[in-house]
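A.B. asks: Numbering (our numbering), first residue to last: 41 to 343. If you scroll down you'll find the structure; I have some questions about it.
In C-alpha cells, the structure reads:
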C-alpha cells in the first residue's frame with residue numbers, strides 16, 4: 041500500500057491494538073490470530089482444511105507493530121530520523137488516523153506502549169486515538185513470571201529485570217535520536233502499564249496469560265469474539281493446535297524468529313505458568329509483591 045496516495049477516507053474505526061507488557065503472551069496471541077484468519081480464508085475458498093496447513097512465524101500478517109518506525113514514517117510522509125522521541129510521540133496519533141483512513145480491513149497491531157497522552161495544552165490527546173480504535177485486547181501475565189522472561193529477553197539479571205519493572209520511566213528503544221526500526225515505547229512500571237490500559241478510554245478486553253494456558257478454548261473464543269474474528273469451534277481448536285507453545289518453539293529452532301533479540305538464545309523459552317516458584321529467591325518474590333501488590337491482588341496474582 042502506498043500511503044502517499046490520496047486516501048479513500050473511511051470514518052469507521054478499524055484498528056485493534058494487541059497491548060501487553062513485554063513477555064506476556066503477545067506473540068502467541070498474534071500467532072493464533074494469524075492461524076485463525078488464514079484457516080478461515082482457506083475454509084471459505086476450499087470448504088476444507090489441508091492437513092499440511094501451517095503458519096509462517098516470520099510472516100504473521102496480523103498488522104505492523106504500533107511502534108514501527110517505517111510504518112509511522114510512511115503514514116506521515118517524512119523521515120523521523122532528526123526528531124526526538126517526544127516529538128515522535130506527538131505525531132503518532134496523526135499517523136494512526138491516516139492509516140485508519142486507508143485501511144480496508146481490520147488491523148491487529150501489537151503494542152508494548154503504556155496507554156498515555158501526548159502533546160500539551162489544547163493539543164493534548166491519547167497516543168492511541170479513540171476515533172480510530174475499534175478495540176484494545178490487553179494481555180496480562182503474573183509479574184513473578186514476567187520478570188524471568190523479561191530478564192532473558194533484555195539480557196540482564198533477574199534483579200535488574202525486577203528493578204526495570206518498578207521503574208516508572210522504563211522505556212524500550214529510548215535512544216534520543218537514532219535509526220532503530222522501532223520508535224520509543226514508554227512502558228512505565230509493570231503496575232503502571234496495567235493500570236494505564238485498565239483505565240484507557242477505549243473498548244478494552246483484558247485477558248490473563250494464565251487463563252490462556254489453563255482454559256485455552258474458552259479464553260481464545262472470547263478473544264476471537266472481541267476481535268470480531270471467526271469464532272467457530274473447529275477453527276479455534278485447529279488454530280490452538282497450530283500455535284501450541286511447543287510447535288512455536290520448534291518453528292523457531294528450524295526457521296529462526298526475526299523478533300528474537302540479538303544475543304538471546306531463544307524467544308520462546310519456556311512459556312509455563314508458575315516458573316517463578318523454581319527460579320526466584322524469597323527476597324525477589326517479596327520485592328515484586330511489595331512493588332505491585334495492589335494490581336497483583338486485583339488480578340489474582342498474590343502468592
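Yeah, the Cβ is synthetic: ideal placement off N, Cα and C, and Gly gets one too. Everything numeric in this text was worked out from a predicted model, so none of it was measured.
On the criterion of 16 or more Cβ atoms from any shown chain inside 10 Å, does residue 163 qualify as buried, or is it exposed?
C.D. replies: Counting from 1 along the chain shown, the entry for residue 163 is found at position 123. By the 10 Å Cβ count, residue 163 comes out exposed.
A.B. asks: Going by the CB atoms, is the gap between residue 242 and residue 170 shorter than 8 Å?
C.D. replies: Within the chain shown, the letter at position 130 stands for residue 170. Within the chain shown, the letter at position 202 stands for residue 242. Yes, they are a contact pair.
A.B. asks: Within 10 angstroms of the Cβ of residue 250, are there 16 or more other Cβ atoms? Answer buried if so, exposed if not.
C.D. replies: Against the chain shown, residue 250 aligns to sequence position 210. With 16 or more Cβ atoms within 10 Å of its Cβ, residue 250 is classed as buried.
A.B. asks: Using three-state DSSP, classify residue 212 as helix, strand or coil.
C.D. replies: Taking the first residue of the chain shown as 1, we reach residue 212 at position 172. Strand, per DSSP.
A.B. asks: Going by DSSP, name the residue or residues bridged to residue 134.
C.D. replies: The residue labelled residue 134 in the question sits at position 94 within the chain shown. Answer is none; residue 134 lacks a bridge partner.
A.B. asks: Among 205, 132 and 63, which has the Cα closest to the Cα of residue 327?
C.D. replies: The residue labelled residue 327 in the question sits at position 287 within the chain shown. The candidate whose alpha carbon is nearest that of residue 327 is 205.
A.B. asks: May I have a chain-ordered list of the alpha helix (DSSP H) segments no shorter than 4 residues that lie completely inside the segment 148 to 209?
C.D. replies: 183 to 194 and 198 to 205
A.B. asks: Should residue 177 and residue 255 be called a contact, given that it needs their Cβ atoms to be closer than 8 Å?
C.D. replies: For the purposes of this step, residue 177 is identified with residue 137 of the chain shown, where counting begins at 1. For the purposes of this step, residue 255 is identified with residue 215 of the chain shown, where counting begins at 1. The answer is no: Cβ separation not under 8 Å.
A.B. asks: Would you call the CB atoms of residue 151 and residue 226 closer than 8 Å?
C.D. replies: To locate residue 151, count along the chain shown from 1; it is residue 111. To locate residue 226, count along the chain shown from 1; it is residue 186. No, these two residues do not count as a Cβ contact at 8 Å.
A.B. asks: Bridge partners for residue 226 per DSSP, in chain order?
C.D. replies: Sequence index remark: in the chain shown, residue 226 carries index 186 (1-based). Answer by DSSP bridge pairing, in chain order: 211.
A.B. asks: Please state if the CB of residue 234 and the CB of residue 179 are separated by a distance shorter than 8 Å.
C.D. replies: As a working mapping, residue 179 is identified with position 139 in the chain shown. As a working mapping, residue 234 is identified with position 194 in the chain shown. No, Cβ-Cβ distance for residue 179 and residue 234 is not below 8 Å.
A.B. asks: Do the CB positions of residue 200 and residue 211 come within less than 8 Å of each other?
C.D. replies: In the chain shown, residue 200 corresponds to position 160, counting from 1. In the chain shown, residue 211 corresponds to position 171, counting from 1. No, Cβ-Cβ distance for residue 200 and residue 211 is not below 8 Å.
A.B. asks: To the nearest angstrom, report how far apart residue 193 and residue 203 are at their CA atoms.
C.D. replies: Position 153 of the chain shown holds residue 193. Position 163 of the chain shown holds residue 203. One C-alpha to the other measures close to 15 Å.
A.B. asks: Count Cβ pairs between the segment 180 to 189 and the segment 315 to 335 that sit closer than 8 Å; are there 3 or more?
C.D. replies: yes
A.B. asks: What is the rounded straight-line gap between the Cα of residue 54 and the Cα of residue 223?
C.D. replies: Here residue 54 is taken as the residue at index 14 of the chain shown, counted from 1. Here residue 223 is taken as the residue at index 183 of the chain shown, counted from 1. Distance between the alpha carbons of residue 54 and residue 223 is about 22 Å.
A.B. asks: Can you tell me the Cα-Cα spacing of residue 122 and residue 334, whole angstroms?
C.D. replies: For the purposes of this step, residue 122 is taken as residue 82 along the chain shown, with counting starting at 1. For the purposes of this step, residue 334 is taken as residue 294 along the chain shown, with counting starting at 1. Roughly 41 Å between the two C-alpha positions.
A.B. asks: Take the Cβ of residue 304 as the centre, count every other Cβ of all protein chains shown within 10 Å, and call the residue buried at 16 or more, exposed below.
C.D. replies: In the chain shown, the residue the question calls residue 304 occupies position 264. Residue placement at residue 304 is flagged as unreliable, the pLDDT there being 48, under the threshold of 50; the coordinate-derived value follows with that caveat. With fewer than 16 other Cβ atoms within 10 Å, it is exposed.
A.B. asks: Report the rounded CA-to-CA distance for residue 195 versus residue 127, giving the unit in angstroms.
C.D. replies: For this step, residue 195 is matched to residue 155 along the chain shown. For this step, residue 127 is matched to residue 87 along the chain shown. Going by the C-alpha atoms only, they are around 29 Å apart.
A.B. asks: Quick one: is residue 118 buried, meaning 16 or more other Cβ sit within 10 Å of its Cβ, or exposed?
C.D. replies: If you number the chain shown from 1, residue 118 lands on position 78. Exposed.
A.B. asks: Let's test the definition: count the other Cβ atoms within 10 Å of the Cβ of residue 356 and tell me whether it reaches 16, buried, or not, exposed.
C.D. replies: A query on residue 356 cannot be resolved here, the shown segment of the chain reaching from 41 to 343 and no further.
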